[in-house]
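Residue numbers (the UniProt record's numbering): 2 to 286. Quick reminder that beta carbons are idealized off the backbone N, C-alpha and C, glycines included. Predicted model only: the values in this text are computed from it and were never measured. To start, the structure under review is shown below, and the notes come after it.
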Ligand code: NAD
């Protein structure tokens, strides 16, 4: 059976390293890293994510600046806030929690954030940098997956990698990361005709379709690495991924659990990006 890729443990290691870096510089008199967290409206799931991010910041010595806006805020008001945060010298990272209410444009907000403060890595400049092999701030979830893959000790060069899902925030940048790492990458999406055939020949599967149980255990090639990005909460409150975990774990070489796999890595890499931006801005590299 597969070895578990423990995102909680690896995420904790990443965060411990960041805490050390922050302590070393702040003890020398540098200001702490600053992360602005903007939430619009009170969506319960978003509130949980935002609270977790704030907590993670506090533990590491990152100062967080919270902006909780009413869901009636106008695009112009949100734009003005982003402009202000772009200029604020205490702030190294700006995070706008998605999804936004219907009347606001996420694209236009993402485009407005200074790419050097775009710790989510969603700005077209950062996606473009990744695409031309000059990564800047990297999208957190794919970046976290790359860090988890290091734990396997496997060489990604020439590996057959199949990414299931092609969204702007997960599937696409995931494919770019794997390409950068030397894998042969196939991207599957809702128009893919024979998903099973693609997954069956994969040495590495990254499932990010947002469809519970989409990837069947019997499709997994013996010894393959299986990374499950999907998160779904069933009515009984339990969390599940896009992969049929029990059956896949019998065949895979490595597999991520849900929860406790990719999720904790995403937040660790958000902190990592904030520290990277801070070091650059203070000229500490
Ligand atoms: P999305 O809905 O934006 O994109 C889903 C993608 O999957 C699309 O490209 C679509 O074409 C593809 N798809 C849908 N049905 C498919 C099918 N039957 N076969 C093949 N491809 C199919 O979703 P997203 O924002 O990329 O998120 C994907 C999942 O990852 C969700 O469950 C989300 O909750 C989760 N997520 C987890 C983290 C984390 O930190 N663990 C971060 C972001 C998203």
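In this structure, the straight-line span from the alpha carbon of residue 138 to that of residue 274 is close to 6 Å. If the five residues before and after residue 217 are omitted, its C-beta is found closer than 6 Å to the C-beta atoms of 245, all from its own chain and listed in chain order. Residues of the same chain with a CB within less than 7 Å of the CB of residue 61, apart from the 5 flanking positions on each side, are 16, 19, 20, 23 and 272 in chain order.
Not one heavy atom of the ligand NAD falls within 7 Å of the beta-carbon of residue 104.
The C-alpha of residue 253 lies about 7 Å from the C-alpha of residue 2.
The region 35-45 makes no contact with the region 169-186, as fewer than three CB pairs between them are under 8 Å. In this model, residue 258 and residue 88 are separated by some 40 Å (Cα to Cα). A check of alpha carbon separations from residue 115 across 27, 197, 104 and 127 identifies 127 as the nearest.
By the C-beta density criterion, residue 109 is exposed, having fewer than 16 other C-beta atoms within 10 angstroms. For residue 257, the Cβ stays outside the 7 Å cut-off from all heavy atoms of the ligand NAD. Linking residue 194 to residue 203 through their CA atoms gives a straight-line distance of about 16 Å. The Cβ atoms of residue 230 and residue 208 sit closer than 8 Å to each other. Residue pairing by DSSP places residue 255 opposite 4 and 226 in a beta bridge. Annotated three-state conformation of residue 106 is coil, per DSSP. Put simply, the backbone Cα of residue 227 is about 12 Å away from that of residue 161. Straight across, the Cα-Cα distance linking residue 247 with residue 63 is about 38 Å.
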